[in-house]
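K.L.:
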Amino acid sequence: MSISVIDILWFLLAAARWTLLLSVIAFIGGGIGSLLLLLLRYARPNFGVRFMNLYVEVLQGTPLLLQLFLVFFGLPLLGIDVSPILAAGVALTLYASAFLGEIWRGCVDAIGRGQWEASASLGMKFVPQMRYVILPQALKIAIPPTVGFLVQLVKSTALASIVGFNELIKAGQIVTNATFQPVVVYGLVALIYFCMCFPLTYCARLLERKLSRAR
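The sequence shown begins at 153 in my numbering and counts up by one.
This is the structure:
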């Protein structure tokens, strides 16, 4: 029985929802994790610097696929049942927290030391300094690279197919095996990825231009 291109497209779009869901989970989880790393990095006493540096170096220095395998096969050794979405969510969250933490660290470092000293002279402690003075300024700088990383994160979800998570790439493999039309199927997969990523890429470029003019 032949399958029409429309049927293939609808099947792939249904799987794309899971790609977007996994991207949102990883981005939110990674954002929370990177914010905690950032607070550790700048807190006084400064005991979190070495931990953050080690964490970032390990996560950035190893392939995401390897991290995914370690989570998927490692957690069961600790007696934790791991579903494909849980393994993918945990691995991508750790991955995102390392990269976002480094992006945001650079943005905080871009804020002049005078801002810290001025807020300290007003009697502000570390948390109010970060909340009311440093982070609002760093946020303006961080938005473009953060959106740019989100594009990379969406594409990185394709690796979740390795552990059996039924996202867009996995759905493409299933349809290809059923229809023997790899060019059509993967062409549609590429088109869907482009439709998901291009608006984010375009927004990142607009934000970079706006930030450059503001400076």
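Just so it is clear, CB atoms sit at the ideal spot from N, CA and C, and this is done for glycine as well.
These numbers come from a predicted model, not from an experiment.
(1) Using beta-carbon positions only, say whether K322 and A167 come within less than 8 Å of one another.
(2) Less than 8 Å between the CB atoms is what I'm expecting for I411 and I263, so what's the real figure, rounded?
(3) How about I314 and L164: are their beta carbons less than 8 Å apart?
(4) Going by CA-CA distance only, name the one from A250, I160, L218 and F346 that's closest to V208.
(5) Whole angstroms are fine: how far does the CA of Q289 sit from the CA of S156?
(6) Do the CB positions of V335 and V327 come within less than 8 Å of each other?
(7) Cα separation between V201 and G266?
(8) Just checking my contact of G241 with L174 at CB under 8 Å: how many whole Å lie between their CB atoms?
(9) When DSSP labels each residue in this structure, what does V234 get in the three-state scheme?
(10) Check F332 in the structure and name its three-state DSSP category.
(11) List the whole-angstrom C-beta distance separating T353 from V303, where the pair is believed to meet the contact cut-off of C-beta under 8 Å.
(12) Report yes if the C-beta distance between L216 and L311 is below 8 Å; otherwise report no.
(13) Closer than 8 Å, CB to CB, is C347 near chain C or not?
(14) Quick one: give me the first and last residue of the alpha helix (DSSP H) that E269 is part of.
(15) Grab the span of the alpha helix (DSSP H) containing R169 for me, first residue to last.
(16) So I293 is in the alpha helix (DSSP H); what residue range does that whole segment cover?
P.N.:
Once the coordinates are examined:
(1) Yes, these two residues count as a Cβ contact at 8 Å.
(2) There is simply no residue 411 to check, as the chain begins at 153 and stops at 367 in what is shown.
(3) Contact check for I314 against L164 fails: the beta carbons are separated by 8 Å or more.
(4) Residue A250 is the option with its Cα nearest to V208.
(5) Going by the C-alpha atoms only, they are around 52 Å apart.
(6) In terms of Cβ geometry, V335 and V327 do not form a close pair [threshold 8 Å].
(7) Going from the Cα of V201 to the Cα of G266 covers about 21 Å.
(8) That pair is a contact at about 6 Å.
(9) If DSSP states are grouped into helix, strand and coil, V234 belongs with coil.
(10) Look at F332 here: in three-state DSSP terms it is coil, with no helix or strand label.
(11) Contact flag correct, Cβ pair sits at about 5 Å.
(12) For L216 and L311, yes; Cβs fall inside 8 Å.
(13) Going by chain labels, chain C is absent from the structure shown, which holds only one protein chain.
(14) Following the DSSP letters along the chain, one finds E269 inside the alpha helix (DSSP H) bounded by residues R265 to S273.
(15) That run of the alpha helix (DSSP H) goes V157 to Y194.
(16) Per DSSP, I293 is one residue of the alpha helix (DSSP H) stretching across L287 to S308.
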